[in-house]
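Here's the structure, in structure tokens; my notes come after.
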Amino acid sequence: MKVIHLKYPYQLNKVDPSTSYSLAVGFFDGVHRGHQAVIRAAMEKAEELNIKSAVMTFDPHPSIVLGKSNEKIFYITPLPQKLEILEEMGVDTTFVVQFTSDFARLSPEDFIQYFIRDLNVKHVTAGFDFSFGAFGKGNMDLMKELSLGNFGVTVVEKQMDDGEKISSTRIRKCLQDGDMETVHHLLGRPFQVPGIVVQGDKRGRTIGFPTANIQSMEGCFIPKNGVYAVRVFVQNRLYDGVCNVGFKPTFKNPDEKQLTIEVHILDFEKNIYGEEVKVLWYKRLRDEQKFDGIESLKAQISRDKERTIEYFADK
Numbered sequence: 019m020k021v022i023h024l025k026y027p028y029q030l031n032k033v034d035p036s037t038s039y040s041l042a043v044g045f046f047d048g049v050h051r052g053h054q055a056v057i058r059a060a061m062e063k064a065e066e067l068n069i070k071s072a073v074m075t076f077d078p079h080p081s082i083v084l085g086k087s088n089e090k091i092f093y094i095t096p097l098p099q100k101l102e103i104l105e106e107m108g109v110d111t112t113f114v115v116q117f118t119s120d121f122a123r124l125s126p127e128d129f130i131q132y133f134i135r136d137l138n139v140k141h142v143t144a145g146f147d148f149s150f151g152a153f154g155k156g157n158m159d160l161m162k163e164l165s166l167g168n169f170g171v172t173v174v175e176k177q178m179d180d181g182e183k184i185s186s187t188r189i190r191k192c193l194q195d196g197d198m199e200t201v202h203h204l205l206g207r208p209f210q211v212p213g214i215v216v217q218g219d220k221r222g223r224t225i226g227f228p229t230a231n232i233q234s235m236e237g238c239f240i241p242k243n244g245v246y247a248v249r250v251f252v253q254n255r256l257y258d259g260v261c262n263v264g265f266k267p268t269f270k271n272p273d274e275k276q277l278t279i280e281v282h283i284l285d286f287e288k289n290i291y292g293e294e295v296k297v298l299w300y301k302r303l304r305d306e307q308k309f310d311g312i313e314s315l316k317a318q319i320s321r322d323k324e325r326t327i328e329y330f331a332d333k
């Protein structure tokens, strides 16, 4: 997949004028099932018209630049992960438009000129609620009106699940609640956190449950504290595991607040310090808790391990 970074008003002349595109446009955080419907519609139109498929996304999140949200924005899929998913879907080209104050001031007409016509886009596909141009004044009705017949427009209707819209907002709420099974269902894949294995305190080894201490990639959201059934992709293989997210209250001073992600990988004994890994989250098993001693902790970890084995046995 070709990735082209664009910035208004500079760096707009990076596109081969001989290449035409069927473009899916949106922020696409999460690349969830609703987003996938938009992207696949654009890919089908590309095949029909015998042109390249493309996705246009924006970075950073508009709320960060415009300061509209009082809450801290977290990404379901940071940009590198989003690009990886789009490539796996088979998209030919992704345009990453830098969302700046200058870009936010573009009129709908100028957005279409610079980011549709000048990119040789022959068909635009977006969700029913996509807006563009200053103050979000442009909508898909206006996109059709301003196309003047020079490019086609497809609007993908609201994608529903269990009576509710599939949305990034809904998925963020589930992540904050630790509801990984609903997240999996709405994304169409397990939630994923990439990271690297770093040195921990090695205490798990001394109690018979060695763990990989994982430092997540910057910008990733870590689900609610607790114990989870996960899978870990390491050295080109997937392994089942039990993951603890939290502050290790049995061993730590409660005043020392350092969040850790520790995974006991089942049937695995290799030294993997420094290895890049991906943690795939499937089910929250329980809250993190403080135990009155090592033996009660070991007994609970054994139960967590058995529940994890049983969970994945049904998958």
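In short: position in the sequence shown from 1, add 18, done, that's the numbering used here.
Built from N, CA and C at the ideal position, the CB exists for glycine as well.
Pick helix, strand or coil for residue i, following the three-state DSSP scheme.
i	result
Q210	strand
Y26	coil
K20	strand
M178	strand
V250	strand
D34	coil
K155	coil
K242	coil
F46	coil
F330	helix
F133	helix
May I ask which residues mark the beginning and end of the beta strand (DSSP E) holding residue i?
i	result
H141	V139 to G145
D77	K70 to D77
L256	R255 to G264
F113	T111 to Q116
I232	A230 to S234
S40	Y39 to V43
Does the distance between the C-beta of residue i and the nearest non-hydrogen atom of the ligand COA fall short of 8 Å?
i	result
E163	Because no ligand of any kind appears in the structure shown, any question about the ligand COA cannot be addressed here.
Select from the options the residue whose C-alpha is nearest the C-alpha of residue i.
i	options	result
V250	S234, I283 and I240	I283
K242	V263, G167 and S234	V263
M74	V56, N231 and E66	V56
Q54	S38, A72 and P80	A72
G44	H79, L298, R190 and E65	H79
Counting along the chain, where does the alpha helix (DSSP H) carrying residue i start and finish?
i	result
C192	S186 to D195
G52	R51 to L67
L166	No alpha helix (DSSP H) contains L166, which DSSP labels as neither H nor E.
Q101	The sequence as given places Leu at residue 101; Gln does not occur at that position. That run of the alpha helix (DSSP H) goes L97 to M107.
A122	S119 to A122
Runs of alpha helix (DSSP H) lying entirely within the region 275 to 317, each at least 4 residues, in chain order: none
Is it the case that the region 308 to 316 contacts the region 284 to 294, given that we only count it when at least three CB pairs across the two stretches are under 8 Å? no
Do the region 110 to 117 and the region 148 to 165 meet, that is, are 3 or more Cβ pairs less than 8 Å apart? no
Is it true that the region 44 to 60 meets the region 99 to 107, where meeting means three or more beta-carbon pairs spaced less than 8 Å apart? yes
Examine the Cβ distances between the region 19 to 26 and the region 170 to 187 and report whether three or more of them are shorter than 8 Å. no
Quick check: the region 160 to 176 against the region 143 to 151, are there 3 or more CB pairs under 8 Å? yes
Do three or more CB pairs link the region 56 to 71 to the region 131 to 143 at distances below 8 Å? yes
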